[in-house]
Every structure is written in structure tokens, then in C-alpha cells.
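In terms of my numbering, the sequence shown is residues 241 to 693. Note sheet for the following structure.
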Amino acid sequence: MSGVPTGRDSFGSRFGVIAATAGSAIGLGNIWRFPYVVGENGGGAFLIIYLAFVVAIGLPVMMSEFIIGRSSQRNAFGAFKKLAPGKPWFVVGLMGVTAAFMIMAFYTAVAGWTLEYIYLSFVNGFEGKSAAELSSMFDQFRSGSMRPLIWFFVFMGLTALIIVSGVKNGIEKYTKILMPVLVLILIVLCVRSVTLQGAGGGLSFLFKPDFSKITAKTILEALGQAFFSLSIGMGTLITYSSYIQKKENLGSTALSVAFADTMIAILAGVAIFPAVFAFGIEPGSGEGLVYITLPNIFQQMAGGYFFSVLFFLLLGVAALTSTISVLEVIVAYFVEELNMNRKKATWAATISVSVLGFMCALSWAGMKDVKLFGKNVFELLDFTSANILLPLGGLLIVLFVGWYLGNKRTKAELSNDGELKVSYFKPFMLVVKFIAPIAIALVFLQQIGLLGF
Ligand code: TRP
Numbered sequence: 241m242s243g244v245p246t247g248r249d250s251f252g253s254r255f256g257v258i259a260a261t262a263g264s265a266i267g268l269g270n271i272w273r274f275p276y277v278v279g280e281n282g283g284g285a286f287l288i289i290y291l292a293f294v295v296a297i298g299l300p301v302m303m304s305e306f307i308i309g310r311s312s313q314r315n316a317f318g319a320f321k322k323l324a325p326g327k328p329w330f331v332v333g334l335m336g337v338t339a340a341f342m343i344m345a346f347y348t349a350v351a352g353w354t355l356e357y358i359y360l361s362f363v364n365g366f367e368g369k370s371a372a373e374l375s376s377m378f379d380q381f382r383s384g385s386m387r388p389l390i391w392f393f394v395f396m397g398l399t400a401l402i403i404v405s406g407v408k409n410g411i412e413k414y415t416k417i418l419m420p421v422l423v424l425i426l427i428v429l430c431v432r433s434v435t436l437q438g439a440g441g442g443l444s445f446l447f448k449p450d451f452s453k454i455t456a457k458t459i460l461e462a463l464g465q466a467f468f469s470l471s472i473g474m475g476t477l478i479t480y481s482s483y484i485q486k487k488e489n490l491g492s493t494a495l496s497v498a499f500a501d502t503m504i505a506i507l508a509g510v511a512i513f514p515a516v517f518a519f520g521i522e523p524g525s526g527e528g529l530v531y532i533t534l535p536n537i538f539q540q541m542a543g544g545y546f547f548s549v550l551f552f553l554l555l556g557v558a559a560l561t562s563t564i565s566v567l568e569v570i571v572a573y574f575v576e577e578l579n580m581n582r583k584k585a586t587w588a589a590t591i592s593v594s595v596l597g598f599m600c601a602l603s604w605a606g607m608k609d610v611k612l613f614g615k616n617v618f619e620l621l622d623f624t625s626a627n628i629l630l631p632l633g634g635l636l637i638v639l640f641v642g643w644y645l646g647n648k649r650t651k652a653e654l655s656n657d658g659e660l661k662v663s664y665f666k667p668f669m670l671v672v673k674f675i676a677p678i679a680i681a682l683v684f685l686q687q688i689g690l691l692g693f
């Protein structure tokens, strides 16, 4: 039985809800992944497709998670059990909790790299190094030592410390401080980057669409990136919205969060590409973009020491407000479904994630020969969660709201039982019933090779 405690914890203020939820959405996905995916997919044209997906599919999926979470007031698994008793929908929740373990493991490993790079920035560790040296420095760090593992544990510990204090006194309290800090740092970095000589090339790369670069793969990548960046498809937002009070407006909250997430991704592009072009570097440098390319730029740039410390701090802060949202999925599940107290649940979640995390952190070192389908553990978890579990979860979530919950219950939740006007209701239902499921299904089938285009 799910022994749900009475007097469930909740977010205390509207700003708290937005800070926490935007904090979840805004993360390594915006600052580390978005710029290099844009770089590899040709810039501006990719950006337009990405924006279309955020509005047409991302936003409705986000609202669907909000509806499920707030109406049930349960964790990702319990929510489906409560709303659809005796039906197999709880499987969607189980998939979400599974995805949370996977994402937490590889994501915290990358978050750990940022700690190494904060440290390197402080000790001026990039000074005088050539691009090749910086690249081998990154490789050696990942492959040659236990440091990725140590940093993984440090980051995991930080996340657990915040989570153990609860929703209002932990998640909300810290994200309310960390998110404004993040925005400030990012603005400082943008100003520096666009005032570099030769910055214009980077801006036109980011904003001038070249549609000849668009392929089926680009479209796919855009949807995958939208899901990952918005934190949708696995119940993070079901869990967070279960802490949103009944008086809040779910539609406008989702809109603010999606807008903030997109703005930060674009700003990260504005902070990075002008600098990349000003120093004559190839924009499609892949996952090493922020760990290899940027240090190279920082050490050639006036004030580079200061800006590199700021940049890696920014990355660490963004990652932390996201790791807490993923760990919370597991902790809320342990508390409500396995009847643990919060402290015990946090310990249990941290330790079990660490087993997988251990393999991710050492995926280029001691664990590099553990491979499946040619992918190491890190790549395997990244691929399975981001490209399979998230789209599949998102598909089932919109189907659940569109076809199982149906018009009446959905409208009641979106309108706070008739108190708010929901003029967008009809198009919303059209999207969750038909458009989003078809779009997600097409992209997904294409991805796993069942559609031949
Ligand atoms: N959205 C975060 C980012 O952009 C990562 C993240 C947090 C996430 N929670 C998630 C991704 C849930 C997918 C699902 O970095």
C-alpha cells in the first residue's frame, strides 16, 4: 500500500515554483548540450525547428505532466496508480523512475566534470596550453585517473544534501538563490562574448537559417533536445507539480518555464558562438565544445581567467538545480510507495544511483571495455534514456491525458475547477490527442530505424 503522509510538503510561492521547475529544465542540456547540438546541425535552421517543437509538442507535454502531478498529488508512479486504479498505466511511472536512475547516473558524471573545470579555472590550469594539449588534458582527466569518480560523489552528495531538507526548505530555498545567480553570470558572459572582435560570425551562425542543412536526423535531434532540455517525458515534472498548490495557474506556469528554458539555451549560444567564431574555431566540435574549445578561448581572451571561473560555476549551478529534480523523482517514489522517511529514502536513492554512476564516471577509464552495441555505459544510458525512454514516456503521457483523463477532468485541472479561463483548451486537447502523439511516434520510429526516411 502506498502510505501517503498527510500534510504533504509543497512549494510556498509562485516564484518558488518557477525557480524550481525552470531550475530543473535549465541545466547541462542548455549550456553544454544545446550549443554543440546546434553546432553539429548547422546553426540557425536547427534553432527554428527546435523552437517549433518546444511550442507545439514540448509545452503540451509539460502541461500534461503538470495535470497528472497536481491532480494526483503523488510521485510519478503513484500518480498513475491513483488516477487510473487497476489499469496498466502505472508502467509509465515505472519507466519514469527507471529513466531517473539512468539520467541521474550519467548526468551527475558530467556535472562532476564541471567541478574539475571549476578547480582548473581557479588554479589557472589552461594557461599557455595549445588546443591539442587542452584536448588531451580533457581525455586524460576522463581516462587516466579516479578524479571523475571523486567529483561524481561530491556532486551526488551536494544533490542529496539539498534533497534531504525537503521541498520548501530544500529544493525551493536553494533554487530561489541559484537561478538568479545563473542568469546574472550568463548575462555577464554574453556581454563579454558579443563585444569580442569578430563576434558577428557567431551570431549569424546561430540566427541565420540555412535550410540546406536540414535532414531527417536534424529533425530528430531537435525533438530529442527539446524533450531533454524541458525535463519532460519521465515524470520529473509530474513529481514537481505534485507540490504545486491548487491556486496556481498551470498553463501560465508551463509557458514561463518553457520560455525561460528556451531563453537560457539561446543566451548560452550567444555566450559561446561569438567567442568560437572570434577565435576561428570549428563550431561543430561536439561534446568537447565547452570542456576543450572554451578553455582554449578563455586563455586567449582578455579577462579570460575571470570569465572561465564564472563559466564553469554557471555550468555547475545549472547542473545542480537539475540533478536535484531527477533525484527527487526517485526519493518521492521511495517515500510514498516504499514507506521510507525522507532521510532514509535519500540515502537509498543516492547509494543505488551511485552504483550506475560509478560505471558512468569511469566509462573512459577502468570501465571503458564494458560495452554494449559499441557504446560504453555512459553512452548507453544517455542514448537509452534521452532517445528511447523520454520520447516513449512523453508519448504515453499525452495519450493518458488526451484519451484516459479526457476533456472534463483535464479542463477542471487546468482551470482550477472553473476559476480560470482556459481559452487554449480546445487546441490543447487537439494537440495531446492527435498531433503530439503522431509527431512523437513518427520521430521515434524513424529513430529506431523502423521508418525508412
Ligand atoms: N532538463 C535538464 C537539462 O536541460 C536535465 C533534466 C532534468 C532532465 N530532469 C530531467 C532531462 C528529466 C530529462 C528528463 O539539463
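Just so you know, even glycine gets a beta-carbon here, dropped at the ideal spot from N, CA and C. Computed from a predicted structure; not experimentally measured.
{"query": "Supposed close pair Ser548, Ser383 - CB separation, criterion 8 Å", "result": "23 Å between Cβ atoms; not a contact."}
{"query": "Phe468 Cβ short of 6 Å to the ligand TRP heavy atom set", "result": "yes"}
{"query": "Helix, strand or coil at Asn627 [DSSP, three-state]", "result": "helix"}
{"query": "Contact test: Met396 Cβ vs the ligand TRP heavy atom, cutoff 6 Å", "result": "no"}
{"query": "Alpha-carbon spacing of Glu576 relative to Lys321, whole angstroms", "result": "12 Å"}
{"query": "Three-state secondary structure assigned by DSSP to Lys615", "result": "strand"}
{"query": "Alpha-carbon spacing of Gly440 relative to Tyr276, whole angstroms", "result": "18 Å"}
{"query": "Thr435, DSSP secondary structure in three states", "result": "coil"}
{"query": "Helix, strand or coil at Asn270 [DSSP, three-state]", "result": "helix"}
{"query": "Cβ-Cβ distance between Pro677 and Gly279 below 7 Å", "result": "no"}
{"query": "Leu268 beta carbon near the ligand TRP (any heavy atom closer than 6 Å)", "result": "yes"}
{"query": "Check whether Leu374 and Pro535 have beta carbons under 7 Å apart", "result": "yes"}
{"query": "Local conformation of Trp236 per DSSP, three classes", "result": "The structure shown has nothing for residue 236, since the chain only spans 241 to 693."}
{"query": "8 Å contact criterion, which Arg310 and Glu653 should meet: CB distance rounded", "result": "6 Å"}
{"query": "Ser383 Cβ short of 6 Å to the ligand TRP heavy atom set", "result": "no"}
{"query": "Cut-off 7 Å between Cβ atoms - residues of its own chain near Tyr573, not counting five sequence neighbours on either side", "result": "Asn315, Ala316, Phe317, Val337"}
{"query": "Any non-hydrogen atom of the ligand TRP closer than 6 Å to Val233 Cβ", "result": "The first residue shown for the chain is 241 and the last is 693, placing residue 233 beyond what the model contains."}
{"query": "Distance between Phe381 and Cys600 (C-alpha atoms, nearest Å)", "result": "14 Å"}
{"query": "Nearest neighbour of Lys455, chosen from Gly282, Ile478, Ser405 [CA to CA]", "result": "Checking the displayed sequence, the identity of residue 455 turns out to be Thr instead of Lys. When only C-alpha atoms are compared, the closest one is Gly282."}
{"query": "CA-to-CA distance, Leu555 to Gly267, given in whole angstroms", "result": "7 Å"}
{"query": "Opening and closing residue of the alpha helix (DSSP H) in which Asp379 lies", "result": "371 to 383"}
{"query": "Val566 CB to nearest heavy atom of the ligand TRP below 6 Å", "result": "yes"}
{"query": "Helix, strand or coil at Lys666 [DSSP, three-state]", "result": "helix"}
{"query": "Residues near Gln437 in its chain [Cβ-Cβ closer than 8 Å; skip 5 each side]", "result": "Ala518"}
{"query": "Whether Phe513 touches Leu567 by CB criterion (7 Å)", "result": "no"}
{"query": "Met241 in three-state terms, based on DSSP", "result": "The predicted model places Met241 with a pLDDT of 41, which falls under 50 and marks its position as unreliable, so this point remains unresolved."}
{"query": "Same chain only: Cβ atoms within 8 Å of Leu553, ignoring 5 sequence neighbours per side", "result": "Ile358, Ile425"}
{"query": "Alpha-carbon spacing of Phe467 relative to Leu630, whole angstroms", "result": "7 Å"}
{"query": "Beta-carbon proximity list for Ile463, same chain, < 8 Å, skipping 5 on both sides", "result": "A small correction: the amino acid at residue 463 is Leu; Ile does not occupy that position in the sequence shown. Phe293, Ile297, Pro631, Ala679, Ile680, Val683."}
{"query": "Backbone secondary structure at Phe366 - three-state DSSP", "result": "coil"}
{"query": "Cβ-heavy atom distance, Ala515 to the ligand TRP, below 6 Å", "result": "no"}
{"query": "Beta-carbon gap between Thr650 and Thr561 smaller than 7 Å", "result": "no"}
{"query": "Stretch pair the region 341 to 352 + the region 591 to 606: three plus CB contacts closer than 8 Å", "result": "yes"}
{"query": "Burial state of Gln485, where buried means 16 or more other Cβ atoms lie within 10 Å", "result": "exposed"}
{"query": "Euclidean distance between Cα positions of Val244 and Leu578", "result": "In this prediction, Val244 scores a pLDDT of 46, lower than 50, which makes its location untrustworthy; the coordinate-derived value is nonetheless stated afterwards. The alpha-carbon atoms of Val244 and Leu578 are separated by roughly 10 Å."}
{"query": "Of the listed residues Arg432, Thr458, Ala585, Thr479, nearest to Ile307 (C-alpha basis)", "result": "Thr479"}
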